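Chains as they are written, first to last, in my numbering: chain A, 393 to 956; chain B, 310 to 890. Note that beta-carbon positions come from the ideal geometry of N, C-alpha and C, so glycine has one too. Since the model is a prediction, treat every value here as computed from it, not as a measurement.
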Amino acid sequence: MLGEVKLKALQDLVGNSTPDEIIWMNGYLSAVIAQTVNKPAETSPAKSGVNKITIVYGTETGNSKKLATTFAAKAKKNGINAKVVSLDQYRVTDLSKEEYFFSIISTQGDGEPPAAAKKFYDHLYQIGSEMGKLKFSVLALGDTSYPLFCKTGEDVDEQLQKLGGSRILPLQKCDVDYEEDANSWFTIALQTLHQNGSAVGAASPITTKKSSGKKTFARKVLTNINLNDLGSNKETYHIEIEAENIDYLPGDSIGVIPENPLSIIESITGLVGIDKEKTVGYKNEQISIIELLQKKLNIFYLPERVVKKYADIIQQEIPATRIDLLDLLRIYPVKNQAQFKDVITILEPITPRLYSIASSPEAHNGELHIIVAKNYFDINNEIKYGLTSDFLSHLKVENTLNFYLHPNAQFRMPEEDKDIIMIGPGTGIAPFRSFIAQRDATGASGKNWLFFGEQHFSTDFLYQTEIQSWLETGVLSKVNVAFSRDTKEKVYVQHKMKKEARLLYEWLESGAYVFLCGTKDPMSIDVENTLLRIIEEQGSRSKEEAIQYLDQMKEDGRYMKDVY
Amino acid sequence: MKCGSETRLQKLIADSHFHPSHTTMTDKNNLSHIEKVKQASDGLRGTIIQSMQNEVTGAISEDDQALFKFHGMYQQDDRDRREERAEKKLERLYSFMIRLRLSGGFLTPEQWIAVHAIAGENSTGVIRITTRQTIQLHGLIKSKVKPTINAFNEAKLHSIATCGDINRNVLCTSNPIQSPIHDQVFKYATKISDMLLPKTRAYYEIWLDQEKIADRKEEEDPLYQDRYLPRKFKIAIVIPPNNDVDVLANDIGLIAIIENNELKGFNIAIGGGLSTTHGNPDTYARLATVIGFADTEEKVLKAVYEIVTIQRDYGNRSDRKLARLKYTLDKYGVDWFLKEIKNRAGFALEEPKPYIFTTRTDFYGWTQSQDGLWHYTLFTENGRILDDEKIALKTALLEVAKTGKANFRFTCNQNLILSDITQSDKESILALLEKFNVDGHTDSASVVRKNSMACVSFNTCPLALAEAQRYLPSLISKIEPLLEKHALANEDIILRMTGCPNGCARSFAAEIGFVGTANGKYNLHLGGDHVGKRLNKIYRENIEEDAILSELDNLFDIFSKEKNEGEKFGDFSMRKNWVAN
Ligand code: SRM
Ligand SMILES: Cc1cc2nc3c(=O)[nH]c(=O)nc-3n(C[C@H](O)[C@H](O)[C@H](O)COP(=O)(O)OP(=O)(O)OC[C@H]3O[C@@H](n4cnc5c(N)ncnc54)[C@H](O)[C@@H]3O)c2cc1C
Ligand SMILES: Cc1cc2nc3c(=O)[nH]c(=O)nc-3n(C[C@H](O)[C@H](O)[C@H](O)COP(=O)(O)O)c2cc1C
Ligand code: SF4
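If you want it as structure tokens, here you go:
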């Protein structure tokens, strides 16, 4: 039936495709057929098939949400009534009542669910199988530069089936350039629904292999100063980077992929006596061992799962622990170079580190600023520094920094006339410097209230002089600072919030937006609890009502967190 | 003469309401800004409380800074850190210096222990003996101010009016050698100090949380009114022949007149003041003029009080550079002043009595007073008490204080006297001094070093133009060999350095004076006498260390060759016309 050329093309295509891909093509084609056979008029309601579905999303930076709403819109156009719910708003007990259930969820941390999806995720592991009529499909968002690519999506997909749900479409995993994959998934999904959503058995997930679509920049460092003064326990670097034609928004972050120090790599290759220039195959490219270890693979603080694989390779018992590769090789040496090459295959990629952008496109034209707290920790009384923050702290003016943009649709300033309360102790101040500078430059009319905290007033008051002048010019209507180590009993931002409880609640009541940025634990937890207590006490509400109040704020996008 | 009762003192103040404001010489329109701040301050309260509550800055408002001085504190910042902090987007490293009011410069051992602790807790830790017989702590950050004042208060110490346009700490010759009279005279310092304290309760309200007085009338101030004085006001009492207080450098100097071991009264000198301003010919250093004598305590206090009211009413309130009593005196003349005192006090001053000064330096080491008590004067270079690599002075003094066997007296040469030690306690104190080598430290210091003073200057003094206390010690180390080279090592030469022409270490009243003009540059002054009765004059301008040393080498050479028997370096400089007469 097919002409020579087409047939050849098809055979070639099938020939060098993975089984996954063929399955996907199969699904894709069936969708195309369906479309051509009973052409559903784009707008007209569905004659046959499903007309009610639920789309849930679990997001950290808004991508999944965006896709969920796009999908819902497409569904409606096809006469399917789609209910869209964020997983933190989703009543897990409803799951058993669901019929057509689509989950769009990203992976965070080291293969963990987004904060907003945690409750749902855990629930899946607590309940027994009772999802008789549940038909589901999962769209997983992730980033191939993380070792556990789309782990959360995988887990959800797997659990839903374990719980007795039947899979409409195989799991679709997307890398950071998710648009295309997501779109074809939508099309197929809609088609399947038109065919009464008869489930495809196939469990094997789909990923469309292609190099990560991340756009990376290589730009010059303009300034790098330690903001802390003599006598501080801290080192916090203010780094300015040339950024002509890089479009970012206040609230976005940048991702930096650190390089491993050559000295360590040489000790490693020295130890195993392998020629560091020798090339090996990695992700179907030929690359020298030294470059591989320096730029691609994580050799520090290996996760237990990797240590376990290492143990299997050298066939020795190794207690479950996290450890640097060099120490591992010292204590449990590899027998030969072949074994070492195997070890290389189990090493995971160096994960990106994110840094909130501290500058404003309007105020700091053509520049991008970040604040980096030098991360340090002590291992048997030897003080060590975090890989990336240490590397960034040593950047010199004129050096080039490689980075990519990590947009955060979940951390955006509201309209110019809305009031905002910003709570950002330590490096949490970063996005707020961007916010305030932006509002200053654009003459936004909304009021701005900042809470900042650090250890010592004299040495650690990040951006003090800028904050002072913003107060003078009135851009900042109010600033509260907490310096924990200047007084006998420690004072933190949440204590200052409590002091200001009445006014803070007034602001909330009159529609102010609340932004929280900085360390997750314990800061963001204490602050959130304080916020709840204030809502409870000032609004004379019950605990539950206070929680509802805050949930409502979340839903209305009036309470936003970027914590780490 | 016997001491007057407190009630008499009160009466005396009450009587004194003669202050015709129409005679105020500054017309209201061009009052200096500070004058307006004072009058609008609601009894020196201003907006100090709000300033202290401002969390985002370590500083206080400019107007409050002016008022802060009346509470005994100055806003400062670490001038070494300015540039770097600006780069780090941090404001200047602001802090406060606090100065205690210690009439006659006296502390009990218990009080010293308290000061030691407070310094460690709240300030840089260095206890700084000043050229006016009291102590200063530096580097108090905002949050430490209140705790400091409260801690001082518990030790019965305060800083009220130790700065600002008001009467300062009252000085009195330190060493109690002439014990019976010393004790009698010493009491005057406290009486005068108390008599001239402001009446406002602001200090107690703001810092000690004492409740606000309902009716401001209760703190009405017949002496200072709401204007206070046009400028700072300084009073010193001296017991000849040792002019250790530099009595003639003060707005009012009282010279005790003693005849066969009996206090007859005081010569009264007025119009002393040393400060000048580079490039402002209208400003000049001036020694006080002895204008009369008063015998009874009542008369002495009354005279002092009215001299203050005259300055209040006639002092210049538009140009602060010309506001000290010395300018008022030169404007109206001594005769006018004597009349004015007579009008206000209701009696005339008598003719001054003769007196002599033989020295200004401290009697280092042990001295015994007539009452048999012992006093040990120890050398503290530029008044800085701390533990450093050379000597653990701070610890040593704490140990001494803990014995409770010695009082602490400060000298106007920035030194310290462990005083009033009984014969039986002397051994144990000596043992401590030896244990920490305090005596060795004092003995081994060269004569010129012991006769020298430097002001605070960098890094805290906002007015500093050149280094002083951080530099003089090393300069002296280079001057010592020169003196030895010319066999002058044991020559008593008074050498003083200040970082600017305000003259805080009385560099204008030294035989060799260094007055800072710019970083590393000093005017070299010569010709001051040894006892503080003649000021020096500029010999060389803006010279740096090399020039300073070669000049001195040359001058010492001539001096050692040509000086007469017992001739002092200052007098020799004049005889040689090194500076104009
Ligand atoms: C601590 C001390 C010098 C020392 O090394 O001991 C000192 C230190 C300062 N003096 Fe002084 N003066 C000190 C004795 C003097 C003396 C000497 C004396 O009184 O015997 C003088 C010269 C005599 C005189 O008053 O004429 C003196 C004349 C000044 C002046 C110039 C006053 C004038 O008439 O123009 C200023 C500047 C001012 O008042 O505007 C000044 C101002 C200052 C300030 C407070 C700078 C300021 O105004 O911000 C200095 C603080 C530096 C610091 O960081 O501690 N200080 N000052 C002395 C404290 C005395 C005390 O316990 O109260
Ligand atoms: C959204 C987001 C925004 C962020 N914004 C900012 C920001 O604006 N500014 C900022 O400074 N940071 C920010 N961070 C944190 C930042 O991304 C990095 O996590 C941080 O800089 C630490 O990275 P590092 O490579 O220096 O330390 P790492 O090398 O990753 O070490 C981190 C921690 O791992 C442990 N560890 C590592 N190696 C070992 C070992 N060998 N043995 C034992 N323990 C070990 C230690 O506890 C150490 O503290 C943000 C993070 C996120 C997710
Ligand atoms: C701190 C952090 C950790 C991440 N960890 C992983 C991971 O372990 N595995 C993965 O596939 N993607 C990981 N990602 C990538 C996100 O899943 C990816 O950016 C996704 O597009 C975010 O979608 P969202 O905006 O809906 O949260 C991580 C991203 C961040 C910021
Ligand atoms: S003389 Fe000048 S520099 Fe020295 S303390 Fe006084 S004001 Fe400061």
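Checklist entry - Can you find a heavy atom of ligand 4 that lies under 6 Å from the Cβ of Leu610/B? => result Residue numbering aside, residue 610/B sits at position 301 when the second sequence is read from its first letter. Because no heavy atom of ligand 4 lies under 6 Å away, the Cβ of Leu610/B does not count as near it: no.
Next on the checklist: Please output, in chain order, the residues near ligand 4 using a CB cut-off of less than 5 Å to any non-hydrogen atom of the ligand.
Outcome noted: Cys764/B, Val765/B, Ser766/B, Cys770/B, Leu772/B, Ala773/B, Thr807/B, Gly808/B, Cys809/B, Asn811/B and Cys813/B
Next on the checklist: Closer than 8 Å is the cut-off here; do at least three beta carbon pairs connect the segment 477 to 485 of chain A with the segment 538 to 551 of chain A?
Outcome noted: no
Checklist entry - What's the C-alpha gap between Leu557/B and Ala597/B? => result On the second sequence, residue 557/B is found 248 positions in, with the first residue counted as 1. On the second sequence, residue 597/B is found 288 positions in, with the first residue counted as 1. The alpha-carbon atoms of Leu557/B and Ala597/B are separated by roughly 5 Å.
Checklist entry - What does Thr366/B touch in chain A if you count any residue whose Cβ is under 9 Å from its own? => result In the second sequence, the residue the question calls residue 366/B occupies position 57. The answer, in chain order, is Gln856 and Gln860.
Checklist entry - Can you tell me whether Asn559/B is buried or exposed, with buried defined as 16 or more other CB within 10 angstroms of its CB? => result The count along the second sequence starts at 1 and reaches residue 559/B at position 250. By the 10 Å Cβ count, Asn559/B comes out buried.
Next on the checklist: Which residue wins for smallest C-alpha separation from Gln620/B, given the options Leu647/B, Ala603/B, Thr605/B and Asp604/B?
Outcome noted: If you number the second sequence from 1, residue 620/B lands on position 311. The shortest C-alpha separation from Gln620/B is found at Leu647/B.
Checklist entry - Ser655/A: which of Glu571/A, Leu663/A and Ser537/A sits nearest, CA to CA? => result What you label residue 655/A is simply residue 263 of the first sequence in a count that begins at 1. If we check each option's Cα against that of Ser655/A, Leu663/A comes out closest.
Checklist entry - What is the residue span of the beta strand (DSSP E) that Asp954/A lies within? => result Start at 1 with the first residue of the first sequence, and residue 954/A comes out as number 562. Residues Tyr951 to Val955.
Item to check | DSSP-derived helix/strand/coil call for Leu949/B | outcome: A question about residue 949/B goes unanswered here, because the residues of chain B that appear run from 310 up to 890.
Item to check | Other residues of its chain near Ala938/A: CB distance less than 7 Å, five sequence neighbours each side excluded | outcome: Taking the first residue of the first sequence as 1, we reach residue 938/A at position 546. Excluding sequence neighbours, Ala938/A sits near Leu924, Ile927 and Glu928.
Checklist entry - Out of curiosity, what's the CA-to-CA distance linking Gln860/A and Tyr640/A? => result Position 468 of the first sequence, counted from the first residue, corresponds to residue 860/A. Position 248 of the first sequence, counted from the first residue, corresponds to residue 640/A. Each residue's alpha carbon lies about 26 Å from the other.
Next on the checklist: Under DSSP, the beta strand (DSSP E) around Asn576/B begins and ends at which residues?
Outcome noted: As a first step, residue 576/B is located in the second sequence; it is residue number 267 there, counting from the start. Segment Glu571 to Ile579, the beta strand (DSSP E) holding Asn576/B.
Checklist entry - Which residues mark the beginning and the end of the beta strand (DSSP E) in which Gln677/B is found? => result As a working mapping, residue 677/B is identified with position 368 in the second sequence. Unbroken beta strand (DSSP E) run through Gln677/B: Gly674 to Gln677.
Next on the checklist: Run through chain A and tell me which residues come within less than 8 Å of Lys452/B, C-beta to C-beta.
Outcome noted: Here residue 452/B refers to the residue found at position 143 when the second sequence is read from its first residue. Inspection of the sequence shows that residue 452/B is occupied by Ser rather than by Lys. Those are Phe849, Asp878 and Thr879, listed as they occur along chain A.
Checklist entry - Would you say Tyr951/A and Val919/A are within 7 Å of each other, going by their C-beta atoms? => result Counting from one through the first sequence, the residue named residue 951/A turns up at place 559. Counting from one through the first sequence, the residue named residue 919/A turns up at place 527. It is not a contact, given that the beta carbons lie outside the stated cut-off.
Checklist entry - Which residues, in order along the segment 612 to 632 of chain A, keep a beta-carbon less than 8 Å from a beta-carbon of chain B? => result Ile617, Asn618, Leu619, Asn620, Asp621, Leu622 and His630
Next on the checklist: Between Cys721/B and Asp555/B, how many whole angstroms is the CB-CB distance? I'm expecting something under 8 Å.
Outcome noted: Here residue 721/B refers to the residue found at position 412 of the second sequence. Here residue 555/B refers to the residue found at position 246 of the second sequence. Right, their Cβ atoms sit about 6 Å apart.
Next on the checklist: One question on the structure: do Glu690/B and Pro550/B come within less than 7 Å of each other, judged by their Cβ atoms?
Outcome noted: Residue mapping note: residue 690/B aligns to position 381 of the second sequence, counting from 1. Residue mapping note: residue 550/B aligns to position 241 of the second sequence, counting from 1. For Glu690/B and Pro550/B, no; Cβs fall outside 7 Å.
Checklist entry - Based on Cα-Cα distance, which residue from Gly454/A, Asn470/A and Val648/A lies nearest to Lys444/A? => result As a working mapping, residue 444/A is identified with position 52 in the first sequence. Nearest of Gly454/A, Asn470/A and Val648/A to Lys444/A, Cα basis: Asn470/A.
Next on the checklist: Let me confirm a value: Cys312/B is counted as buried when at least 16 other C-beta atoms fall within 10 Å, else exposed. Which label applies?
Outcome noted: Position 3 of the second sequence, counted from the first residue, corresponds to residue 312/B. Annotation note: pLDDT 43 at Cys312/B (below 50); position unreliable, coordinate value reported separately. Counting Cβ neighbours within 10 Å, Cys312/B comes out exposed, since fewer than 16 surround it.
Next on the checklist: In whole angstroms, give me the CA-to-CA distance for Phe817/B and Lys846/B.
Outcome noted: Translated into positions along the second sequence, residue 817/B becomes position 508. Translated into positions along the second sequence, residue 846/B becomes position 537. Distance between the alpha carbons of Phe817/B and Lys846/B is about 7 Å.
Checklist entry - If you measure from the beta carbon of Val764/A to each beta carbon in chain B, is any gap under 7 Å? => result In the first sequence, counting from the first residue as 1, residue 764/A sits at position 372. Not closer than 7 Å to any Cβ of chain B, the Cβ of Val764/A fails to qualify, so no.
Checklist entry - What do you reckon, are the CB atoms on Gln723/B and Gly749/B nearer than 7 Å? => result Here residue 723/B refers to the residue found at position 414 of the second sequence. Here residue 749/B refers to the residue found at position 440 of the second sequence. Not a contact, by the Cβ cut-off of 7 Å.
Checklist entry - What's the gap between the Cα of Asp719/A and the Cα of Ser659/A? => result Sequence index remark: in the first sequence, residue 719/A carries index 327 (1-based). Sequence index remark: in the first sequence, residue 659/A carries index 267 (1-based). Rounded to the nearest angstrom, the two C-alpha atoms are 10 Å apart.
Item to check | Proximity test, Asp351/B beta-carbon vs ligand 3 heavy atom, cut-off 6 Å | outcome: As a first step, residue 351/B is located in the second sequence; it is residue number 42 there, counting from the start. False, no ligand heavy atom lies under 6 Å from that Cβ.
Next on the checklist: Within the continuous beta strand (DSSP E) that includes Ser816/B, where are the two ends?
Outcome noted: On the second sequence, position 507 is the one that residue 816/B refers to. No beta strand (DSSP E) holds Ser816/B; DSSP gives it neither H nor E.
Item to check | Entirely enclosed beta strand (DSSP E) segments - the segment 861 to 895 of chain A, minimum 3 residues | outcome: 870 to 875
Checklist entry - alpha helix (DSSP H) containing Tyr941/A: first to last residue? => result As a first step, residue 941/A must be located in the first sequence, where it is residue number 549. Its alpha helix (DSSP H) spans residues Lys935 to Glu947.
Checklist entry - Does any residue of chain B bring its CB to less than 7 Å from the CB of Val873/A? => result Start at 1 with the first residue of the first sequence, and residue 873/A comes out as number 481. For Val873/A, the answer is yes, since a Cβ of chain B falls inside 7 Å of its Cβ.
Next on the checklist: Just to confirm, is the Cβ distance from Phe528/A to Gly557/A under 7 Å?
Outcome noted: The residue given as residue 528/A occupies position 136 in the first sequence. The residue given as residue 557/A occupies position 165 in the first sequence. Taking 7 Å as the Cβ cut-off, Phe528/A and Gly557/A qualify as a contacting pair.
Next on the checklist: In this structure, how does DSSP classify Pro741/A when only helix, strand and coil are distinguished?
Outcome noted: Within the first sequence, the letter at position 349 stands for residue 741/A. DSSP places Pro741/A in strand when its eight states are reduced to three.
Checklist entry - Looking at the C-beta of Leu399/B, does it have a partner C-beta in chain A at a distance below 7 Å? => result Here residue 399/B refers to the residue found at position 90 when the second sequence is read from its first residue. At least one chain A Cβ lies under 7 Å of Leu399/B.
Item to check | Cβ neighbours of Gly825/B in the same chain (closer than 6 Å, five flanking residues each side left out) | outcome: Within the second sequence, the letter at position 516 stands for residue 825/B. Leu774, Ala775, Gly808, Cys809 and Tyr831.
Item to check | Reference Pro817/A; option with closest CA among Ile763/A, Asn773/A, Glu709/A and Asn473/A | outcome: As a working note, residue 817/A is residue 425 in the first sequence. When only C-alpha atoms are compared, the closest one is Ile763/A.
Checklist entry - Taking C-alpha atoms, which residue in Ser576/A, Glu808/A and Arg825/A lies nearest to Met814/A? => result By one-based count along the first sequence, residue 814/A stands at place 422. Comparing Cα-Cα distances from Met814/A to each of Ser576/A, Glu808/A and Arg825/A, the minimum goes to Arg825/A.
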